[in-house]
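Residue numbers (this note's numbering), protein chains in the order written: chain Y, 832 to 1205; chain P, 832 to 1205.
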């Protein structure tokens, strides 16, 4: 078991370079986690392949794995990492977000969340205690506390009541995590809420900091990416500097740069994999929709400047053809490219903070990315 | 340009070991060609990946590429191999089979085949001459002559008339292939027909042999795999020993072993890729349907005895989960396994003929494969 969860190595403004000490070795921060919702990287990519793309930690989902194949089955296979053929650390989201985004009807009480399975309508009950148990059965490295994703927009009073309940749930998660011995083999991260109300975000961060957890997340911002900073800024002063800070579900390359600048260390987002499957790629000179007829005859490479064999090998014309004829190879190649683009972005961010020129790196990246020359 | 298309190296009974001299280097026979119908290996596999699985020649389809993206576009990209990122030889089927299997309505005249596109109903006209032109534009190594795939079952008279037309088409293909200079840069293979009538198959093989082509195929057998030998046996005595013999669209591992025993050198089949996409795998001890609930808790590997990282890494339980939750990784892994299983089968066949013990190899393979221990 690591002595501590995080070591701060350097700062450049508020941007931080550090090391997250996982149960499967050190991970350099800031980092991005590819999404393996149901125990598989989306887009037909093997977990071990993402390591070559620069990723050391992947994200999976408590709710989805609870529904299928079930945490007891995963446990019998030796845990999620072994089940899916990965030898590194895994973080699992708690399922609170899925309760909000997937369930047609859910009922939230002080006890927890009861909602109908997105598959067969059967009732799924998640409590602060049960998500700890599930995540422990999954055998993952970082468990997220159960939280309530607040509706958006919402009133101050709604946001306050929801945040306060999430904080009570975080405390229950911590207690159960310690009572069950899970704290010896699994980190627990708390998730701040409070919509975009400054004082609620501050209050939430303070409460979480008082819980003295191995890591802290800023949650609930995917409802409006443009307001992300309104959730981050009031939270940061209250979060201890010696713990990792995780912005959940974010985002585009620009969102990530902006959040790193504010001191965020960890990211996850469906964009590189989901967009890839649908033929949308992030490139050095901006976003490209490979489905567009304009690429039919194009021998331009996916992204000549992105350091990855796929990006430099295949033409946009070939990719456009693959999406046009619905060959799954298209989704895989675009996913590999997008993940590598994100991986290279994170490497560039780490290096620039090490060298004390993050601002310059960010400006250069944005200049190219926003040039409209893709 | 190679001096000749084929060198016979050794025989073991009627089973042959040889070398097919392609325009992109030598290929050891007997071999199997993975299917890249529309310019991509099915199942999300890059063309260059199949080389690592033991394949040196891949198969694509004239009809499909003519419809999308069009041979002129492929030509502008530098030919099919370059377009799809492959540096080896490619064989393209002519489209006669697709006219038969895909088109809701097609009209066959002496001139050629007019049929409605499977996509938008627009008329597609394939003639012996146009398929040569299309295949030349695609820039592939081995063009197949246009043939008519005879309905099954059919009367002797129908089979005879159909075979004779296919033979006239083969002669027209040859003339156009030579007239247009394509014979300098692309092989033309003739396709024998004649349903399962012994004398028609003999007659067809004789006519093709008289055309003195770089290679010969036995076509039209996929209508009934169990009768394949009835098409092969009467053909073989008439086919010159110094040309490769290609059994089109076949088959299961046992079909391949049986055909090699009769002297076939080349194979292609949708089974490893199509079955893989649907969760059905070929293993050392027989076929396995990974969708079956019986694998839910199985930590048995896909195929411990198949020499491939995927086969020996992932459990059937994990693959069952991937197919259950509809993750595309399942299709890719099963496809990689199946292709590697076929690749290893072909390696084993080559080696056993070299060593003069093909019969023993075949018997051993069948003993395991039919054991029911999968």
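A virtual CB, placed ideally from N, CA and C, is assigned to each residue, including glycine. Being a predicted model, the structure only gives us computed values, none of them experimental.
Return no unless some Cβ of chain Y is closer than 8 Å to the Cβ of residue i.
i: residue 1154 (chain P); result: no
i: residue 887 (chain P); result: no
i: residue 932 (chain P); result: no
i: residue 1146 (chain P); result: yes
i: residue 914 (chain P); result: yes
i: residue 1189 (chain P); result: no
i: residue 906 (chain P); result: no
i: residue 1118 (chain P); result: no
i: residue 872 (chain P); result: yes
i: residue 1135 (chain P); result: no
i: residue 1127 (chain P); result: yes
i: residue 869 (chain P); result: yes
Three-state secondary structure (DSSP) at residue i?
i: residue 1017 (chain Y); result: coil
i: residue 1048 (chain P); result: strand
i: residue 932 (chain P); result: helix
i: residue 1081 (chain P); result: coil
i: residue 876 (chain Y); result: strand
i: residue 954 (chain Y); result: strand
i: residue 997 (chain P); result: helix
i: residue 1106 (chain Y); result: helix
i: residue 1127 (chain Y); result: coil
i: residue 1089 (chain P); result: helix
i: residue 1206 (chain Y); result: This structure cannot speak to residue 1206 (chain Y), because chain Y is shown only from 832 to 1205.
i: residue 949 (chain Y); result: coil
i: residue 1132 (chain Y); result: strand
i: residue 1118 (chain P); result: strand
i: residue 1076 (chain P); result: strand
i: residue 1070 (chain Y); result: coil
i: residue 1205 (chain Y); result: coil
i: residue 911 (chain Y); result: helix
Rounded to the nearest angstrom, how far is the Cβ of residue i from that of residue j, given a contact under 8 Å?
i: residue 835 (chain Y); j: residue 852 (chain Y); result: 6 Å
i: residue 1051 (chain P); j: residue 980 (chain P); result: 5 Å
i: residue 858 (chain P); j: residue 869 (chain P); result: About 23 Å; that fails the 8 Å criterion.
i: residue 967 (chain P); j: residue 923 (chain P); result: At roughly 10 Å, the Cβ-Cβ gap does not stay under 8 Å, so residue 967 (chain P) and residue 923 (chain P) are not in contact.
i: residue 1164 (chain P); j: residue 1145 (chain P); result: 6 Å
i: residue 1049 (chain Y); j: residue 1062 (chain Y); result: 5 Å
i: residue 930 (chain Y); j: residue 957 (chain Y); result: 7 Å
i: residue 1197 (chain Y); j: residue 1085 (chain Y); result: 7 Å
i: residue 1108 (chain P); j: residue 1162 (chain P); result: 4 Å
i: residue 1098 (chain P); j: residue 1172 (chain P); result: No, residue 1098 (chain P) and residue 1172 (chain P) are not in contact; Cβ-Cβ is about 14 Å, not under 8 Å.
i: residue 1018 (chain Y); j: residue 972 (chain Y); result: 6 Å
In terms of residue numbering, what span does the alpha helix (DSSP H) encompassing residue i cover?
i: residue 966 (chain P); result: 959-969
i: residue 1063 (chain Y); result: 1059-1066
i: residue 1168 (chain Y); result: 1159-1185
i: residue 1196 (chain P); result: 1189-1200
i: residue 1035 (chain P); result: 1029-1042
i: residue 1141 (chain Y); result: 1140-1144
i: residue 898 (chain Y); result: 893-898
i: residue 1147 (chain P); result: 1147-1155
i: residue 905 (chain P); result: 902-907
Closer than 8 Å, CB to CB, is residue i near chain P or not?
i: residue 900 (chain Y); result: yes
i: residue 1143 (chain Y); result: no
i: residue 882 (chain Y); result: no
i: residue 910 (chain Y); result: no
i: residue 1013 (chain Y); result: no
i: residue 876 (chain Y); result: yes
i: residue 894 (chain Y); result: no
i: residue 1101 (chain Y); result: no
i: residue 1149 (chain Y); result: yes
i: residue 1130 (chain Y); result: yes
i: residue 1163 (chain Y); result: yes
Along the chain, where does the beta strand (DSSP E) containing residue i start, and where does it finish?
i: residue 856 (chain Y); result: 856-860
i: residue 837 (chain P); result: 837-843
i: residue 848 (chain Y); result: 846-853
i: residue 939 (chain Y); result: 937-939
8 Å is my cut-off, CB to CB: does residue i come that close to chain C?
i: residue 1160 (chain P); result: Absent from the structure: chain C. Protein chains present are Y and P.
Quick check: the stretch 1112-1128 of chain Y against the stretch 1142-1152 of chain Y, are at least 3 beta-carbon pairs closer than 8 Å? yes
Would you call the stretch 1028-1036 of chain Y and the stretch 965-977 of chain Y touching, i.e. three or more CB-CB distances under 8 Å? no
Touching or not, the stretch 901-920 of chain Y and the stretch 876-891 of chain Y, by the rule of three or more beta carbon pairs under 8 Å? yes
Contact between the stretch 836-844 of chain Y and the stretch 1181-1195 of chain Y: three or more CB pairs below 8 Å? yes
May I ask you to verify whether the stretch 908-917 of chain P touches the stretch 936-947 of chain P, counting CB pairs closer than 8 Å and requiring at least 3? no
Touching by the beta-carbon criterion (3+ pairs, under 8 Å), the stretch 1036-1044 of chain P and the stretch 1086-1101 of chain P: no
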